[in-house]
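Protein chains in written order, with our numbering: chain A, 1039 to 1653; chain B, 1039 to 1653.
Glycine included, C-beta positions come from ideal geometry on N, C-alpha and C.
A quick note: this is a predicted structure, and the numbers were derived from the prediction, not measured.
Right, one structure below, let's go through it.
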């Protein structure tokens, strides 16, 4: 890599680094709240690097630049970084150091590392500090060079504050007052008087509020402090209407402007605590200065276990999503090919990836309670499917040709719940090898969905169930098997997860408990050829108590048929075929009552056929 | 529980506590080296409580006494504690606090906790300290009241030092010089000049020495220090003969007397490091005082990955053990019942549990290289099988009646390797329910043995494979699925493990790598009725490298047929029957060459029949 080949945005940053006497500059993908998906204002890393994936960090030196990202994005990052002069660091691959180790290996005495501490998680900052301990290195946390370059570009979006809305108790199930009381009870247990919350989805959940400040994540820019009897919510005051202001006041919640948070935080005259894996390093430094420090989030687990009202709403959202989905599939099933073997719709228009996801969204929009997608849809034909988090844009948007797989990973925000579904469909003829791999992914999905496990089991104990059929063929997928999901909140919600420690070292120790929602999404990706992923959301349910253990299992929330044309049935055991049939029967029996309109006659026919038992 | 019902040994201890102004006294099951199995001299907890299991801790207050033990020992502890006045604390059960939490909940300001710090692991001590931090509690670490009571009883065995022997390179594979050099290389990597080793099996492995100070664990009382160029081994000097002394000296190893260790440790004039999960709290306090502290064992992982010479020896030991075992089974198979339905041998003698394990040992003793059992044999008929670590003694020794299961968990120390095997056999007619459970345990064993997994997988990821067939029936077993095993060393060797975190919170994060040895021992225990456990030792092997991952799997070391009479074949899939047949074919083909003597004709016939494929 030669220095002069670095893209212009990085060169500009390096000029500022020189002016400020900074040797290493660190840019993460986050906002001030540790969000995975952020308001466009915070897309500094994307702007600087040109890499559009949702996860990645940059280290810029005086003459080099490195981007770290995980297995989901290896292929995409390789493509997008081409010609940028930025070196790709594949997180989790052998010989690739993580960022703290990289800094420890490369920084010399007397050098300076800088970053915007408001965007860096406190625990990452602690790890970097630990690794650099032996060195005479200066760390500056309050300089935002990346933001300056982005500001000066003239293309940076404004930080917008949209309306904040009440999330009615008919969806939330528990009042904000009761939730705050539950948090206070935990604070008492831990002997804590002051607790600070910086995660946007924790605040939205706790206060039964929703917003639109981050696309597809119904949260709003905010901080919250519970200190003794006082509850303070920091939010853009103009975003809250008078009625809601009055309601919050009535619930004992004091509103302050979002911009006054750090000043107030500095002045809290009691030791306060926050979660260092969620809070940024500036807030955490204040906590330590106050005599407080880290406490594991008091909210994350409460939020993860959905209450009965939430569960009813989530199930309902999945039924509506499935109705829209099978209507889409019915339409799609009537596809024809033109003389170039491209799929065309009934009006003769050539179908494209974006066209398909738009059409699916159009069906969803017809459903009551639909708000918006829960993430950028992935609609990927052929080799695009091997890019795990592919997002078609105008440039890449491909026409739908046949004899390959179409992979669609999409989701909805309904007022009553969040959905996330991936289906892979064979178009035309696919090879036996492709069917073999589809079948292995399906077996993994079915086996995990039907697994029973004892109370106390963690995602790391279950992960293997979804992988075994692929492992037997010599394949694997370099992402987790499952993530938690919010209730009309973020589509990725920690700490629920089904993962192992091979690809990343995140904490997978959350015990799976009834009421938790988790995705089940094994896949396989053949670079340059195709990708397969099959994803259902699952609800953890109690099955039975015996003298030996409490047994839990999963109930499928997602209710859309799998593509029988992609299956090699001889590869499935009798038991696995029963699992498939049981699932398809559940899909048919649940959806049929929602498809009784005359206009849905074709849809019902399609569904009947798609869910007909196999032998 | 009333105070006056406490057993005499505890009351005596309480009298000493009163004299010394101690409110809480803590007794663990260990020696000064963190050993799981100890020389009889250290059986203070067993003497005080009457509980003979291998794991357990006591907390004695002024008027009460509590014993903590794990799921393996619930039934046994309940039996043995009957009438003792000691309360059983079932570790891992809901609502049962661990010892640090118990102390934090119960101790009051101004009270004193005491224990013999040489027997308590440093990290447990740290946890207790942390939990009691907020309280005004005094902790005394250098008082051995339990030992005093035991000494005064007149029944305490002496601390004996037996001969220390060279473990030849033909078995060890790597010289002690090369092993020490490898440890030094790791010390250099970590920037450590002084490293202290207190684990007996680590010292035995590192120096290629073996002893007999702990029954069935071929270790010897010792400490070791590597400090710069100097290597010091603390050992009873009379236990080492002149030839070995000269050889060690020649290898640059200085011998010091075992009794001078702590005095020398105090005087090391450099910061030194040791593993706080293995070292006792007194040694660790010295380390901290030296400016050093904790470092994860530099030896444990090296020792866990067996070298080629060790692997050959271990495989050979398992073949010899299997030959002895099938000779025993052949003899046992010719059993008859008397008119009371008791099993008798060919001379008309009634068979008992101890009689059977003695007979098995007699066969093993005939094999070249056999030294001793690797642990106390478990030979358990009927309901005794439900006591997970049952050990028959003269009092309990039961006659072998029929129409139930016989469970035998036994193992050998051969010069070239350590074995550990459990077989369960149906005697007479067993019920369909019993066969159903046997089959579920067998399926778990076979599935785990045949699992392939990617590099980086940990035991916690694999544990579910062995449990699923039982979970499907509503059963579970309250112990780990597998433990590491030494090479002519301890039968339980950390850090290799296949476990989940439900029953204990030990670290299960060791990545399974080729050359590691692990047990595979699912089971099921019906209190008051019977127990089933099926245990093979497995070697981790490399299977293949693909574009997607490195794949590992297991090779069975244990080569003894499973009891086909206990199986419900209709409960097994075709694939599972193939796994069973493949295993039995391997057993037959491996052992047949060792059974070519005329005297073994019956044995070969038995083996042929026992391993004949099923459909």
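Host beta strand (DSSP E) of residue i (start-end)
i: residue 1447 (chain A); result: 1442-1448
i: residue 1533 (chain A); result: 1531-1536
i: residue 1176 (chain A); result: 1176-1178
i: residue 1558 (chain B); result: 1555-1558
i: residue 1564 (chain A); result: 1561-1564
i: residue 1065 (chain A); result: 1062-1065
i: residue 1194 (chain B); result: Taken as a continuous stretch (DSSP letters only), residue 1194 (chain B) belongs to no beta strand (DSSP E), as it is neither H nor E.
i: residue 1591 (chain B); result: 1588-1594
i: residue 1571 (chain A); result: 1568-1571
Chain-order list of residues whose beta-carbon lies under 7 angstroms from that of residue i (same chain, five-residue window excluded)
i: residue 1371 (chain B); result: 1644
i: residue 1481 (chain A); result: 1507, 1610, 1614
i: residue 1346 (chain B); result: 1211
i: residue 1196 (chain A); result: 1079
i: residue 1693 (chain A); result: The question about residue 1693 (chain A) has no answer, for chain A in this structure spans 1039 to 1653.
i: residue 1410 (chain A); result: 1254, 1451
i: residue 1042 (chain A); result: With a pLDDT of 48 at residue 1042 (chain A), under the threshold of 50, the predicted position of this residue should be treated as unreliable, though the coordinate-derived value follows. Excluding sequence neighbours, residue 1042 (chain A) sits near nothing in its chain.
i: residue 1099 (chain A); result: 1061, 1062
Close Cβ partners of residue i (< 6 angstroms) along its chain, the five nearest in sequence each way excluded
i: residue 1405 (chain B); result: 1358, 1362
i: residue 1548 (chain B); result: 1533, 1534
i: residue 1439 (chain A); result: 1379, 1380
i: residue 1651 (chain B); result: 1619
i: residue 1402 (chain A); result: 1362, 1408, 1450
Extent of the continuous alpha helix (DSSP H) run through residue i
i: residue 1087 (chain B); result: 1082-1087
i: residue 1576 (chain B); result: Not the alpha helix (DSSP H): residue 1576 (chain B) falls in the beta strand (DSSP E), residues 1574-1583.
i: residue 1521 (chain B); result: Taken as a continuous stretch (DSSP letters only), residue 1521 (chain B) belongs to no alpha helix (DSSP H), being part of the beta strand (DSSP E) at 1520-1522.
i: residue 1351 (chain A); result: 1346-1371
i: residue 1644 (chain A); result: 1639-1648
Spatially closest choice to residue i from the options, by CA coordinates
i: residue 1449 (chain B); options: B:1443, B:1458, B:1441, B:1442; result: B:1458
i: residue 1586 (chain B); options: A:1605, A:1340, A:1564, A:1571; result: A:1564
i: residue 1530 (chain A); options: A:1456, A:1488, A:1496, A:1463; result: A:1456
i: residue 1471 (chain B); options: B:1516, B:1092, B:1312, B:1511; result: B:1511
i: residue 1263 (chain A); options: A:1629, A:1222, A:1077, A:1254; result: A:1222
i: residue 1513 (chain A); options: A:1316, A:1520, A:1474, A:1537; result: A:1474
i: residue 1122 (chain B); options: B:1147, B:1134, B:1105, B:1132; result: B:1105
i: residue 1257 (chain A); options: A:1268, A:1242, A:1271, A:1265; result: A:1242
i: residue 1465 (chain B); options: B:1436, B:1429, B:1419; result: B:1419
i: residue 1599 (chain A); options: A:1629, A:1453, A:1542; result: A:1629
8 angstroms CB neighbourhood of residue i in its chain, flanking five on each side removed
i: residue 1581 (chain B); result: 1490, 1589, 1590, 1591
i: residue 1040 (chain B); result: Low local confidence applies: a pLDDT of 46 at residue 1040 (chain B) is under 50, so the model's placement there is unreliable, with the coordinate-based value given in what follows. Around residue 1040 (chain B): 1123.
i: residue 1147 (chain A); result: 1173, 1174, 1175
i: residue 1116 (chain A); result: 1126
Per-residue contacts from residue i into chain C (C-beta, under 9 angstroms)
i: residue 1513 (chain B); result: Annotation note: the requested chain C is absent from the structure, which comprises protein chains A and B.
* **Ranges of the alpha helix (DSSP H) found wholly within the stretch 1466-1500 of chain B, counting only runs of at least 4** => 1470-1487
* Every unbroken beta strand (DSSP E) within the stretch 1080-1167 of chain A, with a cutoff of 3 residues, ordered by chain -> 1095-1098, 1103-1107, 1125-1128, 1150-1152
* the stretch 1104-1136 of chain A: positions lying closer than 7 angstroms to chain B by Cβ -> none
* Going along the chain, which residues of the stretch 1489-1509 of chain A sit with their C-beta nearer than 9 angstroms to a C-beta in chain B? -> 1489, 1490, 1491, 1492, 1493, 1494, 1495, 1496, 1498, 1499, 1500, 1501, 1502, 1503, 1505, 1506, 1508, 1509
* Any alpha helix (DSSP H) of 4 or more consecutive residues that is wholly inside the stretch 1217-1270 of chain A -> 1238-1245
* To do: Would you list, in sequence order, the uninterrupted beta strand (DSSP E) runs of no fewer than 3 residues that lie entirely inside the stretch 1274-1325 of chain A?
  => 1291-1295, 1310-1312
* To do: Could you list the residues in the stretch 1529-1550 of chain A with a C-beta less than 8 angstroms from some C-beta on chain B, going in chain order?
  => 1538, 1539, 1540, 1547
* In the stretch 1581-1597 of chain B, which residues sit with their C-beta less than 7 angstroms from some C-beta in chain A, listed in chain order? -> 1582, 1584, 1586, 1587, 1589
* Whole runs of the alpha helix (DSSP H) within the stretch 1380-1415 of chain B, excluding any shorter than 4 residues -> 1391-1403
* To do: Taking a Cβ distance cut-off of 7 angstroms, strictly less, list which residues of the stretch 1305-1317 of chain B are near chain A, in chain order.
  => none
* **Within 9 angstroms of chain B by C-beta, residues of the stretch 1449-1479 of chain A in sequence order** => none
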